[in-house]
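Here's the structure we're looking at; comments come further down.
In the UniProt record's numbering, the protein residues as written are 1 to 191.
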């Protein structure tokens with residue numbers, strides 16, 4: 001969570017921030033403070049389904065026509081109320097709600113990534129990235145677009161996606177930390 005000070009931006013963390021976060025904040029001219037977790041809200045929890053074809057050569061992306069991702073491409077994202085709800089079933093539901101015709105042949109979504117986001121002017125978020133393989137025949141529903149894995153249009157996607165998509169598509173687990181100012185990525189770290 002963050003707030004604007006009188007003359008400095010203050011990044012407020014609900015737990016002791018890592019040295020990387022402190023260094024990043026200082027580079028940006030921000031002060032870092034630890035707040036009382038009782039007074040702060042928990043981060044929003046999101047689940048994203050990344051869908052590939054059976055050969056795993058193409059990725060299915062959703063073009064948003066409204067909301068915070070308007071005009072951009074992403075996987076299939078759904079908010080969940082509690083961490084316990086951030087499951088493969090939620091990832092499958094995210095894809096189904098967007099019109100992805102997943103059938104019984106689709107693989108169970110597997111968790112490969114956990115990303116946390118700090119937005120200077122908004123609440124923090126935690127996003128879990130699930131990968132599922134599906135044999136989906138054309139045509140796909142409106143708003144869904146197949147892209148070759150080697151030509152994913154990262155310039156049309158949120159900036160953090162270029163960091164973690166390649167690892168998730170290779171079925172490598174990853175953990176990411178990203179700091180945004182609106183749609184602009186200020187700092188990212190992936191391990």
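Backbone N, C-alpha and C fix where the C-beta goes; we use that ideal spot for every residue, glycine too.
- According to the DSSP assignment, residue 125 belongs to the beta strand (DSSP E) that extends over 125-133.
- Closest in alpha carbon position to residue 181, among 165, 143, 122, is 122.
- Residue 114 holds the alpha-carbon nearest to the alpha-carbon of residue 83 among 142, 185, 114.
- Between residue 58 and residue 164 the beta-carbon gap is near 18 Å, outside 8 Å, which marks them as no contact.
- Secondary structure of residue 157 (DSSP, three-state): coil.
- Where residue 49 is concerned, the enclosing beta strand (DSSP E) starts and stops at 44-52.
- Note on residue 143: under 16 other CB atoms within 10 angstroms of its CB, so exposed under the neighbour-count rule.
- The Cβ neighbour count for residue 81, taken over all protein chains shown within 10 Å, is under 16; the residue is labelled exposed.
- The beta carbons of residue 60 and residue 120 sit no closer together than 8 Å.
- For residue 102, the secondary structure class from DSSP, reduced to helix, strand or coil, is coil.
- For residue 70, the secondary structure class from DSSP, reduced to helix, strand or coil, is coil.
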